[in-house]
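Chemist:
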Amino acid sequence: MWKILTRKLKETNIDWIGEVPENWEISTIGSHYTERTDKVSDLDYIPLSVTKSGIVPQLEIAAKSSNHDNRKLVLKDDFVINSRSDRKMSAGISSIDGSVSVINTVLYSNTIDRNYTKYLLKNYAFAEEFYKWGTGIVDDLWSTKWLKMKNIPIPVPSSEKQKQIGSVIDSMVQNTNNIINGTKESILELKKYRQSVITEAVTKGLNPNVKMKESGIDWIGDIPKHWNIKKIKYSTSTFDAKKDFVKEDIYIGLENVLSYEGRINDYGKLEKDSKEKYFEKGNILYSKLRPYLAKAFIADITGSCSGEFIVFESFKGNKRYLLYWLISQLFTDFINATSYGAKMPRSSWDYIKETSIPRPPKHEENEIVSYLDDKLSQINKLIENKTKVIKELETYKNSLIYEYVTGKKEV
Numbered sequence: 001m002w003k004i005l006t007r008k009l010k011e012t013n014i015d016w017i018g019e020v021p022e023n024w025e026i027s028t029i030g031s032h033y034t035e036r037t038d039k040v041s042d043l044d045y046i047p048l049s050v051t052k053s054g055i056v057p058q059l060e061i062a063a064k065s066s067n068h069d070n071r072k073l074v075l076k077d078d079f080v081i082n083s084r085s086d087r088k089m090s091a092g093i094s095s096i097d098g099s100v101s102v103i104n105t106v107l108y109s110n111t112i113d114r115n116y117t118k119y120l121l122k123n124y125a126f127a128e129e130f131y132k133w134g135t136g137i138v139d140d141l142w143s144t145k146w147l148k149m150k151n152i153p154i155p156v157p158s159s160e161k162q163k164q165i166g167s168v169i170d171s172m173v174q175n176t177n178n179i180i181n182g183t184k185e186s187i188l189e190l191k192k193y194r195q196s197v198i199t200e201a202v203t204k205g206l207n208p209n210v211k212m213k214e215s216g217i218d219w220i221g222d223i224p225k226h227w228n229i230k231k232i233k234y235s236t237s238t239f240d241a242k243k244d245f246v247k248e249d250i251y252i253g254l255e256n257v258l259s260y261e262g263r264i265n266d267y268g269k270l271e272k273d274s275k276e277k278y279f280e281k282g283n284i285l286y287s288k289l290r291p292y293l294a295k296a297f298i299a300d301i302t303g304s305c306s307g308e309f310i311v312f313e314s315f316k317g318n319k320r321y322l323l324y325w326l327i328s329q330l331f332t333d334f335i336n337a338t339s340y341g342a343k344m345p346r347s348s349w350d351y352i353k354e355t356s357i358p359r360p361p362k363h364e365e366n367e368i369v370s371y372l373d374d375k376l377s378q379i380n381k382l383i384e385n386k387t388k389v390i391k392e393l394e395t396y397k398n399s400l401i402y403e404y405v406t407g408k409k410e411v
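Take the sequence shown: its position 209, counted from the start at 1, is 209 in full-length UniProt numbering, and no numbers get skipped.
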């Protein structure tokens with residue numbers, strides 16, 4: 001039976017809030033929250049990072065200062081938000097005492113429930129409103145300080161209603177996140193399966209009953225008896241040259257290539273006239289930087305690219321077979337294990353050209369490529385569909401959070 005809603009809503013004339021229940025108060029952040037400004041040392045209070053996932057022990061990648069005393073004190077249950085516009089939605093309730101960078105604003109309240117605060121001051125509508133109150137010159141310097149933040153209007157229900165809303169959202173978020181996490185695990189399994197399919201096909205072929213032989217290469221292992229094993233340099237040709245390009249010409253950086261997928265996600269553009277490494281349509285580009293990312297693709301255009309790419313001009317066989325070999329888990333693990341450099345490991349053409357590649361007969365090579373093209377298309381479609389589900393669930397979750405904290409959805 002449908003529940004009949006009898007409560008009335010009133011218009012607040014505040015863009016980010018909209019309508020709220022008639023018995024709710026409209027107030028300001030400064031009327032209910034106090035800024036905590038105590039300065040402490042991160043030698044005395046554990047350094048914390050303010051992230052989109054909440055307040056966590058300081059990340060290894062976080063910028064660190066030698067001025068240990070210039071930190072803000074955070075106590076358990078304080079709400080902390082990064083004031084900068086390039087850190088949108090980086091906020092949360094701290095579960096422990098600690099210290100944060102002075103760029104963050106630390107708040108506590110004696111009148112607003114902790115859980116209600118967690119969602120009231122961290123939802124997409126509030127995030128947009130928060131940064132409207134900021135000042136600065138450019139995006140990464142634009143910030144919303146306490147003097148402005150305290151004037152932002154907020155909806156304030158009764159204490160009992162705050163607790164109810166916080167509890168309901170907690171339950172909804174947990175249930176939704178469980179589904180999201182389960183979907184993410186499913187995607188990871190599909191990606192592992194995709195890699196196993198590629199590696200199996202380019203090392204064992206498609207016939208499970210074929211007789212095998214030792215390849216003579218320890219890291220490759222056995223291959224079909226009728227296959228050959230050759231060094232890559234005898235099956236390919238590469239070139240490494242530069243030419244002049246103009247602003248807005250196509251540029252492919254490592255960030256434009258999808259890991260383990262053998263394709264790009266987008267093209268980049270040159271920001272100015274310059275001399276760059278180039279590639280031509282039909283070339284295979286393979287990233288020798290951080291080889292564990294397995295980034296390679298066959299170009300369908302001509303353009304410029306990062307110097308970290310090896311550009312294969314030709315291959316004595318089906319180019320897609322070489323592409324699949326380059327992104328196979330077997331080849332990736334071996335090249336990664338033999339790369340040099342700690343923070344930015346890389347390999348080199350001088351090394352890669354001496355490695356070996358299993359070579360089936362031409363007709364079988366084409367069959368393997370056709371099989372992998374079809375199989376990976378199916379797997380990638382499943383991954384895309386599951387990724388879409390995650391995005392829809394995130395949108396659903398964020399929408400419900402907003403509707404609950406503004407009273408549009410009743411608890």
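Built from N, CA and C at the ideal position, the CB exists for glycine as well. All values derive from a computational prediction rather than experimental measurement.
Could you tell me if K122 is buried or exposed, where buried requires 16 or more neighbouring beta carbons within 10 angstroms of its beta carbon?
Modeler: Position 122 of the sequence shown, counted from the start, is the residue given in the question as residue 122. By the 10 Å Cβ count, K122 comes out buried.
Chemist: Tell me the rounded alpha-carbon separation between I179 and T387.
Modeler: Against the sequence shown, residue 179 aligns to sequence position 179. Against the sequence shown, residue 387 aligns to sequence position 387. Distance between the alpha carbons of I179 and T387 is about 12 Å.
Chemist: Since I believe Y124 is in contact with N336 (beta carbons under 8 Å), could you give me their beta-carbon distance rounded to a whole number of angstroms?
Modeler: For this step, residue 336 is matched to residue 336 along the sequence shown. For this step, residue 124 is matched to residue 124 along the sequence shown. Rounded, the Cβ-Cβ distance is 38 Å, inconsistent with contact.
Chemist: With 16 as the cutoff for other CB atoms within 10 Å, does P224 come out buried or exposed?
Modeler: As a position in the sequence shown, residue 224 is number 224, starting the count at 1. Buried.
Chemist: Relative to the C-alpha of K409, which candidate in H226, I165, G205 has its C-alpha closest?
Modeler: As a first step, residue 409 must be located in the sequence shown, where it is residue number 409. Out of H226, I165, G205, I165 has the C-alpha closest to the C-alpha of K409.
Chemist: Excluding five sequence neighbours on each side, which residues of the same chain lie with their C-beta closer than 6 Å to the C-beta of F130?
Modeler: Here residue 130 refers to the residue found at position 130 when the sequence shown is read from its first residue. The residues are T144.
Chemist: Between T183 and I390, what straight-line distance do the alpha-carbon atoms span, to the nearest angstrom?
Modeler: Taking the first residue of the sequence shown as 1, we reach residue 183 at position 183. Taking the first residue of the sequence shown as 1, we reach residue 390 at position 390. Cα to Cα, T183 sits roughly 7 Å from I390.
Chemist: Looking at C-beta atoms only, is the number of pairs between the stretch 207-216 and the stretch 339-349 that lie closer than 8 Å three or more?
Modeler: no
Chemist: What number of angstroms, rounded off, separates the C-alpha of I232 from the C-alpha of S274?
Modeler: Position 232 of the sequence shown, counted from the start, is the residue given in the question as residue 232. Position 274 of the sequence shown, counted from the start, is the residue given in the question as residue 274. Going from the Cα of I232 to the Cα of S274 covers about 32 Å.
Chemist: State the start and end residues of the unbroken beta strand (DSSP E) segment that holds K388.
Modeler: Here residue 388 refers to the residue found at position 388 of the sequence shown. From DSSP, K388 is part of no beta strand (DSSP E) but of the alpha helix (DSSP H) over 362-405.
Chemist: What three-state label does DSSP hand K184 in the structure shown?
Modeler: Sequence index remark: in the sequence shown, residue 184 carries index 184 (1-based). When secondary structure is reduced to three states using DSSP, K184 falls in the helix class.
Chemist: Sort out for me which residues DSSP pairs Y251 with in a bridge.
Modeler: Translated into positions along the sequence shown, residue 251 becomes position 251. Beta-bridge partners assigned by DSSP to Y251: G268, S304.
Chemist: Quick check: what's the CA-CA separation for N82 versus M149?
Modeler: Here the question's residue 82 lines up with position 82 in the sequence shown. Here the question's residue 149 lines up with position 149 in the sequence shown. Cα to Cα, N82 sits roughly 12 Å from M149.
Chemist: Taking the alpha carbon of A201 as the reference point, which residue from I220, S186, E185, I187 has its own alpha carbon closest?
Modeler: To locate residue 201, count along the sequence shown from 1; it is residue 201. Nearest C-alpha to A201: I220.
Chemist: Comparing alpha-carbon positions, which option in R7, E354, S348 lies nearest I217?
Modeler: Residue mapping note: residue 217 aligns to position 217 of the sequence shown, counting from 1. Nearest option by C-alpha distance: E354.
Chemist: Measure how close the beta-carbons of G253 and S306 come, nearest whole angstrom, since I'm counting them as under 8 Å.
Modeler: Here residue 253 refers to the residue found at position 253 of the sequence shown. Here residue 306 refers to the residue found at position 306 of the sequence shown. Contact flag correct, Cβ pair sits at about 5 Å.
Chemist: By the 10 Å Cβ neighbour count, where 16 or more other Cβ atoms means buried, how is I352 classified, buried or exposed?
Modeler: For the purposes of this step, residue 352 is taken as the residue at position 352 of the sequence shown. Residue burial annotation: I352 is buried, with at least 16 other C-beta atoms found within 10 angstroms of its C-beta.
Chemist: Among Y278, N115, P155, D78, which has the Cα closest to the Cα of N23?
Modeler: Here the question's residue 23 lines up with position 23 in the sequence shown. The shortest Cα separation from N23 among Y278, N115, P155, D78 belongs to P155.
Chemist: State the CB to CB distance for the pair G98 and L43, rounded to an integer number of angstroms; the pair is presumed to be in contact (CB under 8 Å).
Modeler: Along the sequence shown, one-based indexing puts residue 98 at 98. Along the sequence shown, one-based indexing puts residue 43 at 43. With 8 Å as the limit, G98 and L43 do not qualify as a contact, their Cβ atoms being about 12 Å apart.
Chemist: Which residues in the same chain have their Cβ closer than 6 Å to the Cβ of I4, if we skip the five residues on either side of it in sequence?
Modeler: For this step, residue 4 is matched to residue 4 along the sequence shown. Note on I4: pLDDT 47, under 50, position unreliable in the model; the coordinate value appears next. Once the five neighbours on either side are set aside, I4 has no close Cβ partner at all.
Chemist: I'd like to know whether the C-beta atoms of N284 and K243 end up nearer to each other than 7 Å.
Modeler: In the sequence shown, counting from the first residue as 1, residue 284 sits at position 284. In the sequence shown, counting from the first residue as 1, residue 243 sits at position 243. Note that residue 284 is Ile in the sequence shown here, rather than Asn. No. Outside cutoff.
Chemist: Report the rounded CA-to-CA distance for H363 versus W325, giving the unit in angstroms.
Modeler: Start at 1 with the first residue of the sequence shown, and residue 363 comes out as number 363. Start at 1 with the first residue of the sequence shown, and residue 325 comes out as number 325. Each residue's alpha carbon lies about 17 Å from the other.
Chemist: Counting only C-beta atoms, is K52 closer than 7 Å to chain C at any point?
Modeler: No chain C appears in this structure, which consists of one protein chain only.
Chemist: Who are R346's beta bridge partners in DSSP?
Modeler: Counted from its first residue, the sequence shown places residue 346 at position 346. In the DSSP output, where bridge partners are listed per residue, R346 has L289, Y340.
Chemist: Quick one: is V50 buried, meaning 16 or more other Cβ sit within 10 Å of its Cβ, or exposed?
Modeler: The count along the sequence shown starts at 1 and reaches residue 50 at position 50. With 16 or more Cβ atoms within 10 Å of its Cβ, V50 is classed as buried.
Chemist: I believe Y119 touches I401 by the beta-carbon criterion, under 8 Å. Please report the beta-carbon distance rounded to the nearest angstrom.
Modeler: Within the sequence shown, residue 119 is the residue found at index 119, counting from 1. Within the sequence shown, residue 401 is the residue found at index 401, counting from 1. Going by Cβ atoms, the distance from Y119 to I401 rounds to 5 Å, so yes, they are a contact pair.
Chemist: Does the beta-carbon distance from R114 to D77 come in below 7 Å?
Modeler: By one-based count along the sequence shown, residue 114 stands at place 114. By one-based count along the sequence shown, residue 77 stands at place 77. Yes. Within cutoff.
Chemist: For the alpha helix (DSSP H) containing residue 421, list its first residue and its last residue.
Modeler: Because the chain spans 1 through 411 in this model, residue 421 falls outside it and cannot be assessed.
Chemist: Give the single residue among S90, E189, K132 whose Cα lies nearest to the Cα of G54.
Modeler: On the sequence shown, position 54 is the one that residue 54 refers to. Closest by alpha carbon: S90.
Chemist: Can you tell me where the beta strand (DSSP E) with F126 in it begins and where it stops?
Modeler: Within the sequence shown, the letter at position 126 stands for residue 126. Here F126 belongs to no beta strand (DSSP E); instead the alpha helix (DSSP H) covers 124-132.
Chemist: Could you please give the first and the last residue of the uninterrupted alpha helix (DSSP H) stretch that includes M149?
Modeler: Here the question's residue 149 lines up with position 149 in the sequence shown. Note, M149: alpha helix (DSSP H), 146-149.
Chemist: Please list the segments of the beta strand (DSSP E) lying wholly inside the stretch 74-98, counting only runs of 3 or more residues, in order along the chain.
Modeler: 79-82, 91-93
Chemist: Indicate the three-state DSSP secondary structure (helix, strand or coil) for K243 in the structure shown.
Modeler: Counted from its first residue, the sequence shown places residue 243 at position 243. Three-state DSSP puts K243 in a strand.
Chemist: For the putative contact between I198 and S328, defined by C-beta atoms under 8 Å, what is the C-beta separation to the nearest angstrom?
Modeler: Here residue 198 is taken as the residue at index 198 of the sequence shown, counted from 1. Here residue 328 is taken as the residue at index 328 of the sequence shown, counted from 1. 5 Å between Cβ atoms; contact.
Chemist: How long is the line joining the alpha carbons of I17 and E255, rounded to whole angstroms?
Modeler: Along the sequence shown, read from residue 1 onward, the residue named residue 17 stands at position 17. Along the sequence shown, read from residue 1 onward, the residue named residue 255 stands at position 255. I17 and E255: Cα-Cα distance of roughly 38 Å.
Chemist: Give me the Cβ distance between I379 and L147, rounded to the nearest whole Å; I'm assuming they're in contact under 8 Å.
Modeler: For the purposes of this step, residue 379 is taken as the residue at position 379 of the sequence shown. For the purposes of this step, residue 147 is taken as the residue at position 147 of the sequence shown. Between I379 and L147, the beta carbon gap of about 53 Å keeps them out of contact (Cβ cut-off 8 Å).
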